[in-house]
Structure formats: C-alpha cells, structure tokens
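Input: a single structure, listed below in structure tokens.
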DNA sequence: CGTCACAGTATCCGAACGGGTACTACGTGA
DNA sequence: TCACGTAGTACCCGTTCGGATACTGTGACG
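Chains as they are written, first to last, in this note's numbering: chain A, 1 to 124; chain B, 125 to 248.
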C-alpha cells in the first residue's frame with residue numbers, strides 16, 4: 001500500500017471512507033487505466049500509453065506504480081530485450097470495476113448537463 | 125461551475141468521464157459534506173464544522189464554495205446578526221448520493237482489508 | 001558501428017491544495 | 001465599554017501533483 005493511502009486510511013475516521021476510494025482512484029488517468037485493463041484483460045506499458053492520450057512515460061509509470069502498490073494492478077516483467085512489461089487487474093482491481101463505472105456514468109451525465117445547460121436551463 | 129471542473133470537462137475525452145466525478149467530489153471533506161447534507165437536509169456552517177472533524181474555517185469555506193460553484197449545494201444567507209448561513213443539497217447534489225455511497229462502501233471494504241491483511245493473508 | 005524498439009529513470013518546474021494564524025463585521029447583552 | 005457568537009476573509013507555508021525534457025540499457029538488425 002502507498003504511504004499516502006495508508007495515511008488516508010489512518011487519519012480519516014470511518015465516516016469518511018469515501019476519501020479512501022478517492023485516494024486510491026483519484027490520480028490522473030487512473031480510472032481510465034482500470035477501465036482499459038478491465039476491458040482488455042492484459043496490456044503492455046506502451047499499449048496503455050497509446051490507448052490513453054499519450055501521457056508522458058513519467059506520469060504513466062507513476063500512476064501504474066501507485067495502482068500496483070495499492071494492490072489494484074499486477075505488473076509482470078518479462079526478462080527480455082526489448083523489455084516487455086504487462087499489466088493486468090488484481091482481484092481487488094476487478095472489485096473496483098462497478099465503482100469506476102459509477103464514476104464514469106455520473107461524471108458523464110454531469111459533464112453533459114454542464115455543457116448543455118450552463119445558465120440556460122429554463123426551470124420556470 | 126469551477127474553472128477546474130470546466131477544464132477537466134474540456135480537456136479529458138469522454139472516455140475519461142470518471143475524472144469529472146473525481147474533480148467534483150475529490151476534495152478534502154467533500155464526500156463527507158455531501159453525506160451529512162443528505163442525512164440532515166439542512167446544516168449551518170458551524171454545524172458542518174462540528175460534525176466533521178473541525179476543519180479550519182478556511183478549508184471548510186473553500187470546499188463549500190467549490191461544491192456550490194459546481195452546483196451540488198445551495199447556500200442560503202440570512203441577513204441577520206450574528207450571521208446565519210444554511211447549506212443544503214441541490215437536485216444535482218442529491219443525484220450524487222448513490223455515487224458517494226458507492227465510494228464509501230468500496231473505500232470501507234478496501235480500508236478494512238488493508239488494515240487486516242497487509243502481508244498476513246494466508247492465501248495458500 | 002549506428003539505429004531502433006521498449007520501458008522506463010532523472011531532474012526540474014509551476015500550479016494547486018490542505019492547513020495554520022490572525023483578523024473582520026455587527027448586533028446583543030453584561 | 002467590552003466580550004461574545006457566527007461566518008467568514010487575508011496572508012502565508014510546505015507538500016504534492018501533473019507534466020516537460022533529457023537520458024539509460026540492451027539485444028537485434030542493417
């Protein structure tokens with residue numbers, strides 16, 4: 001587990017468990033990474049980068065490492081050249097699937113509503 | 125809508141709608157604020173502070189303002205002394221209820237599992 | 001010998017965020 | 001006259017985060 005995740009679990013009372021979810025899922029690209037792995041099963045580092053919007057290797061690496069430390073993804077290194085590294089969901093990562101879907105659904109509705117209705121909704 | 129929320133909606137492709145949810149819900153205390161407002165209906169600034177773990181007024185104010193700008197909470201000021209300000213959920217804020225619950229549930233399970241099983245789970 | 005593919009690492013930067021302390025407005029009541 | 005209560009605001013600080021750029025290791029290929 002990441003130090004940050006551990007700190008959040010320790011310092012927030014149990015009434016704030018949602019903070020834990022956000023600590024784990026709330027990094028750039030993380031929900032997308034989880035969705036893609038849920039969809040494709042196994043993906044290599046480069047494939048993930050291409051399926052996302054080409055984040056810098058620095059950023060993608062960090063997100064994947066954090067997800068790995070938090071136990072959501074499994075990283076498999078094949079000792080060969082050129083390097084080959086595969087990522088897939090752990091059981092814990094799979095358990096987050098419905099939550100990521102819920103985030104996606106609500107976020108999509110919210111975005112659509114805001115795009116359409118900023119100050120325009122005739123509510124009376 | 126906050127500038128940040130707007131930027132997230134603009135800059136992330138629709139496949140990453142979950143980022144929008146996290147942009148809106150992902151601030152210190154925000155899920156807790158929404159839960160409390162869902163439970164109590166209406167709460168004053170000071171009541172919220174006491175029900176949470178007494179965040180500084182600075183922090184609580186900012187979270188509430190952001191939630192207000194993002195359209196999740198409604199702020200009502202009563203012109204009287206000493207001041208009285210009430211917060212309640214908007215319809216949009218209520219629509220986030222199930223999502224916050226899902227975050228809380230998964231986060232709680234995750235935290236419990238990590239507290240119990242860090243390196244201890246006998247899986248074989 | 002140089003180049004390519006792949007999966008990173010090293011270093012740096014600016015913005016954003018949480019949080020701490022001090023201060024404010026204003027009518028009431030001792 | 002002074003403190004009280006409420007709901008903040010102003011100012012500052014340290015950390016974290018996303019991101020840009022440059023560099024690395026290594027075997028195969030030409």
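Where is the CB? At the ideal position from N, CA and C, for every residue including glycine.
Item                                                                                                                          : Value
Integer Cβ distance of residue 85 of chain A from residue 45 of chain A, believed to fall under 8 Å                           : 5 Å
Under 8 Å (Cβ pairs) to chain A, residues found in the region 154-185 of chain B                                              : 155, 156, 159 and 177
Proximal residues of chain A, C-beta to C-beta of residue 149 of chain B below 8 Å                                            : 18 and 22
Residue 78 of chain A, buried or exposed, once every other Cβ within 10 Å from all chains shown has been counted against 16   : exposed
Closer than 7 Å to chain B by CB, residue 2 of chain A                                                                        : no
Residue 161 of chain B (DSSP reduced to helix, strand or coil)                                                                : helix
Residue 199 of chain B in three-state terms, based on DSSP                                                                    : strand
Beta-carbon spacing of residue 60 of chain A, residue 93 of chain A below 7 Å                                                 : no
Local Cβ density within 10 Å of residue 240 of chain B, reported as buried at 16 or more and exposed below that               : exposed
CB contact flag (residue 187 of chain B, residue 126 of chain B, <7 Å)                                                        : no
Residues near residue 214 of chain B by beta carbon distance below 7 Å, same chain, minus five either side                    : 195, 196, 197 and 198
Residue 59 of chain A - partner residues in DSSP beta bridges                                                                 : Bridge partners of residue 59 of chain A: none, in fact.
For residue 126 of chain B, three-class secondary structure by DSSP                                                           : coil
Closer than 8 Å at the beta carbon, the chain A residues around residue 224 of chain B                                        : 18
Burial state of residue 165 of chain B (16 or more Cβ within 10 Å)                                                            : exposed
Own chain residues within Cβ distance below 6 Å of residue 67 of chain A, not counting five before or after                   : 73
Candidates A:101, A:4 and A:81, of which the one nearest residue 39 of chain A by Cα                                          : A:101
Three-way DSSP call (helix, strand, coil) for residue 110 of chain A in this model                                            : helix
Short Cβ contact (7 Å threshold) for residue 56 of chain A with residue 142 of chain B                                        : no
Assigned exposure category for residue 137 of chain B - 16 Cβ within 10 Å defines buried                                      : exposed
Member of A:5, A:10, A:47 and A:53 whose CA lies at the smallest distance from the CA of residue 28 of chain A                : A:53
Start-to-end residues for the beta strand (DSSP E) that takes in residue 209 of chain B                                       : 208-213
Sequence-distant residues of the same chain with beta carbon closer than 8 Å to residue 26 of chain A, five excluded per side : none
Where residue 148 of chain B falls: helix, strand or coil (DSSP)                                                              : helix
DSSP-derived helix/strand/coil call for residue 42 of chain A                                                                 : strand
Distance, residue 205 of chain B Cα to residue 24 of chain A Cα                                                               : 43 Å
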